[in-house]
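Comments concern the structure below.
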Amino acid sequence: MKRSSELKSKYSIKFIVSSMFMLVTALTAIFAMGMQYYFGQKMSQEHVISRLSTAAADVSEYIHQVDSNAISSTRMLKSFLSMSDHNFSEKEILTLFAQVLDENPFIQSLYVGSENEDFFQIINLKTSVTIRDKMSADAVDRWAIAKATGIGPDRQMIVSYVDSSFNVNRTVASKTSFYPTRRPWFIGATETNVYKTEPYLFKNMKVTGQSYAIRSGKDVIGIDIELSTLNSKIASTALGMSLESGAESFIFNHKGEVIASNIDLERDIEVPPSEPLTLTEPQRALVMNSPALLVSNQNDWGPYDFSQAGEPQGYAVDLLRILSQQTGLEFDFINGFESITLSKKYLRGTIDVLHSVSGEVPEYGEQSATMYTADLAIAGKSQRFIPTSLKNFPDEVGVVCGFGMKEWLQQNYPKLNIVEFESLSDAKEALEKGEIPYLVDTYLTLDELNGLERTSTVTVRKLDAKPVPYHIYINQKHAGLLEVLNLAIESITPEQREALTQKWLESNHWRGTFVPYPEVFQLSKDTSNYNTMVRRSIEGQNYFVYVTPISSSSGGDDYFSVVIPKEIVTDAVTERLFNSLLFTALVMLGLFPLAWRLGTPMTRSIYALKARTRKIRARNFDQVWPVTTRVKEIDELSDAMMEMVAEIQSHEKQQEEFVEAFIRLIAQAIDDKSPYTAGHCNRVPEIGMMLAEAAEKCQSGKFKNFAFQNDAERREFRIAAWLHDCGKITTPEHIVDKGTKLEANYNRINEIRTRFEVLRRDLEIEYLNALLRGEVNKDAAKAEFEEKVRQLDDDFEFIANANIGGEFMSEDKIERVKKIAEKTWLRYFDDRLGLSPFEEMNKPISNTQLPIREKLLEDKPEHIIKRIRPVEFAPEHGIQMQVPEHQYNMGEVYNLTISRGTLTPEDRFKINEHMISGIKMLEALPFPPELSNVPRYASTHHETLKGTGYPRKLSADDLSIPERILVIADIFEALTAGDRPYKKAKPVSVAIDIMYKMALDEHLDMDLFLLFLESGVYLEYAKKFMPETQVDEVNIQKYLSH
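What follows is the structure, encoded as structure tokens:
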């Protein structure tokens, strides 16, 4: 091993620490960019907040201005029209109204309604495109003037479309069911204050808005504001963002209902259209003469019948629209009233149709066919017990009155204690306050009790009750239409029902105009979240949310919110950061050659050390020498490495010697255990290494490219050869040494001989007794006795020879064994005495009286030794061996009739099981990588090329050349071994001939067998390990010519 020349001067590694300046520079740059990113993001957020605060202020100011102008305009119109000293002509009123509308473009219309049901309205067609479309106005039309007069069937709505000079372009007259006194603005108006409605559906134009109204005597003056005008105020462009930014803005009230938004909140699910029904002439005439029917629309009975921002929504509403398509009937929905108010209006006749009524209410008239059914549920505080049945239920339950729920419950649960509430919101409030313990309604309605609030104070559970049917009631004056409606209900297709179910009952679509993100609604409840950017994960995406309250002159809890994708806030900062990073990288790139040059003295030495560690890893210790360097620490490290190499070499050599010695110790222990294996584990490696060396030297055929890559692979093969029978250490010695068929822990042939002796004495006693009694001729009796003794001697000799075993036992000999076994002898002593506990357990209890006659040879139950536990093979070992039912079978006839050799199937499995034990032992050992093939090589020498071997039943494709070599080594040694108790050693020629036949039968590799002969390995081994008398001449040419 080379040693570097001593260098006079050494330098500390601190001398080259300046090379680390690149790292310090990079860390400084990263810190600076991190601070830049942090403060840049803060500035970006503040900039967005500033823009949104400005937008919120603008929206608030706009709403305040709309409120203020609407209220002041309403008061001004009241003052103007209330002047007692002047009667205004229609022209003057039109001029005044038009002036107010011109000055306030956000006002959609002005109108006056009287208690006598007269109604006058002027509509600004320039307010929005929506109004012009809804009114079917032409481009030349500036105003629409609507007048409603008359009562009942004679009531008409006359709409005149006029230009800016009030010249009439056209007039449209139609029947109408619009009555001003029934509208929310008329009912809520007072003389003193301007009344502002909740959002609702404008009847004439079918758009959602809010009304401002004030009473003036018997008249009510009103102003309509269309809510869609707010959408433009919160559009992305109005907020200083692009349309593609993905920002979503909302104005919503305290309930979470969206008043305005810059996105379309609803996802339409198409309901298949309906074909008109085929009606009879009287039915068709009845429909044609019917005015638009006023239909109830509840405020909050979702998902069946409710209104959002004044627009009728719900399963039942869409179902009624289907009925309208089928029948031609026109339905005008009336909303904005409590449930009790709607039912009262129906009873007074101011509403024509009351739908979604559950029970039979006689005073409502005749009910229709079932519109739909719904499952009932009960809601209660979470800490209460929530029942699933109302049968014999003692507590009070709340219901909404006016829509038949009370009547249905009383019919089905007569003893139920029911408390009615005027509306669902009142019932919910009473439940929350604990004024009522339980609330009963449909499951889907109650399931939304928590809604956007996401509270868990209320638990909802379905009731074990039949679904509740819901019906339509129609006013008596239109009772003839009930038959038409029933016909239409029955004509609704399954496809339409399915679409309605998907739209309203199986999704949150019915909550479409609520704030789509509960997280936003939750933020509005905490004042600390106002006017700031709050980061939230919404539907798996990161967003910034801005929320702030907005107010109007009339008060109210409305909120303005913007949901902004995180990228909108961070992209600009990220872009600046990227530019800074790019600039820094360019500077660092320029400095890199200098840093590289400064680090070369150290890195060169380190790379040299690294190269040496690779050689150490490869165990090429003779190629490792010290590194020449002026760096003191690296020089010391190099010296330490050389010392480590020396230690590793020494330790590795000791370990190898220890492993080799230990392996030989195991092999020797196996050989010493029994004469059967004496020397076997020592001799197989000799043959294996000799044949492997011959295969390496062969430069033709399949062995042309075969060679061990290094001594480590050669050592791996040698160790596998030593350990190939290591599993036999677990095989019982009496099985390994079984030289006769009846042998167990001893040779039981002497037991059999004793029984023959008993039979012989019995014959002699019988003969002598016959002579004493003088019953027979002495010479004849003696001749008969001698014949029977001769037969007995012959039978015993046959049994004794059968016990020795052989290559084959014919069927006639097997039959003779069974015939001899049928002879009997007389046993006088109890065969259960003197047994071990295990033998007592295995021997069945018998009450037979002694003496007893037994068979000469017999398979007794106690000869069967059952398995204590089942034999199972781990799947990763790939073992495929047939397991006999019993562990041992020592039956005398069973063993004596073994056709080949001395082993029963149970004995054979026990011996073959040494391979399984060997696999388990070797697989459990943590062999190093260079010995990883040892378990495989050592466990395949009983496999065959055709897949009939054991333990894995591998085939030629699975067996490598080293594995095939060990097969030949194991077989040749076993055939020629002279230390086997059950057979004589075979001459070399006989062994070779047997192996040739085995090669022909694909038990071993023919090419390797021929190499075994041609290379002279067989002869070299024979001369070394066999006596001269066994080494006979072998004509190998007859095999090589194969």
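Take 1 as the starting number for the sequence shown in full-length UniProt numbering and just add one per residue. Beta carbons: idealized from backbone N, C-alpha and C, even for Gly.
Taking residue i as part of the alpha helix (DSSP H), name the residues at either end of that continuous run.
i, result
"Leu-966", "961-976"
"Pro-494", "494-500"
"Asn-895", "892-896"
"Pro-184", "184-188"
"Asn-486", "482-490"
"Gly-688", "680-697"
Could you check if residue i is buried or exposed, using at least 16 other CB atoms within 10 Å of its CB as the buried criterion?
i, result
"Phe-717", "buried"
"Asp-812", "exposed"
"Ser-846", "exposed"
"His-651", "exposed"
"Tyr-828", "exposed"
"Glu-311", "buried"
"Val-1034", "buried"
"Ser-307", "buried"
"Phe-385", "exposed"
"Pro-928", "exposed"
"Lys-819", "exposed"
"Gly-336", "buried"
"Glu-876", "exposed"
"Arg-182", "buried"
"Met-995", "buried"
In chain order, what residues of the same chain lie with their CB nearer than 7 angstroms to the CB of residue i, ignoring the 5 residues before and after it?
i, result
"Ser-109", "Gln-121, Ile-122, Ile-123, Asn-124 and Asp-224"
"Lys-866", "His-886 and Gln-887"
"Leu-637", "Leu-609"
"Lys-653", "none"
"Ile-269", "Ala-499, Gln-502, Lys-503 and His-509"
"Asp-639", "Pro-626"
Looking only at its chain, what residues have a beta carbon closer than 8 angstroms to the beta carbon of residue i, apart from the 5 residues adjacent to it on each side?
i, result
"Asp-557", "Asn-253, His-254 and Pro-549"
"Ser-382", "Ser-456, Thr-457, Val-458 and Thr-459"
"Asp-318", "Val-271, Leu-500, Lys-503 and Trp-504"
"Glu-1028", "none"
Do residue j and residue i have their beta-carbon atoms positioned less than 8 angstroms apart in this structure?
i, j, result
"Ala-377", "Tyr-443", "yes"
"Ala-712", "Glu-930", "yes"
"Met-533", "Tyr-517", "no"
"Asp-352", "His-471", "no"
"Lys-196", "Gln-210", "yes"
"Gly-314", "Gly-302", "yes"
"Ser-358", "Leu-463", "no"
"Pro-467", "Asp-332", "no"
"Val-563", "Ala-247", "yes"
"Leu-485", "Ile-474", "yes"
"Met-881", "Tyr-937", "no"
"Phe-909", "Pro-884", "yes"
"Phe-178", "Ala-137", "no"
"Ala-969", "Leu-691", "yes"
"residue 1102", "Leu-896", "Not covered by the structure: residue 1102. The range shown for the chain is 1 to 1042."
"Leu-294", "Ile-334", "yes"
Excluding the five sequence neighbours on either side, which residues of its own chain have a C-beta within less than 6 angstroms of the C-beta of residue i, listed in chain order?
i, result
"Asn-933", "Glu-716"
"Ile-961", "Phe-706"
"Pro-180", "Gly-113, Phe-119 and Phe-186"
"Glu-330", "Ala-292"
"Tyr-1018", "Phe-1012"
"Cys-401", "Ile-340 and Glu-420"
Which residues bound the beta strand (DSSP E) around residue i?
i, result
"Glu-311", "311-313"
"Leu-469", "A quick correction: the sequence has Pro, not Leu, at residue 469. Residues 468-474."
"Glu-854", "852-855"
"Asn-169", "168-175"
Does the beta carbon of residue i fall short of 7 angstroms from some heavy atom of the ligand ADP?
i, result
"Thr-181", "The ligand ADP is absent from the structure shown, which contains no ligand whatsoever."
Given 8 angstroms, three or more beta-carbon pairs between the region 994-1012 and the region 690-701: yes
Meets three-Cβ-pair contact criterion under 8 angstroms: the region 281-290 and the region 132-143: no
Meets three-Cβ-pair contact criterion under 8 angstroms: the region 388-395 and the region 337-344: no
The region 92-111 / the region 66-83 touching (three or more Cβ pairs under 8 angstroms): yes
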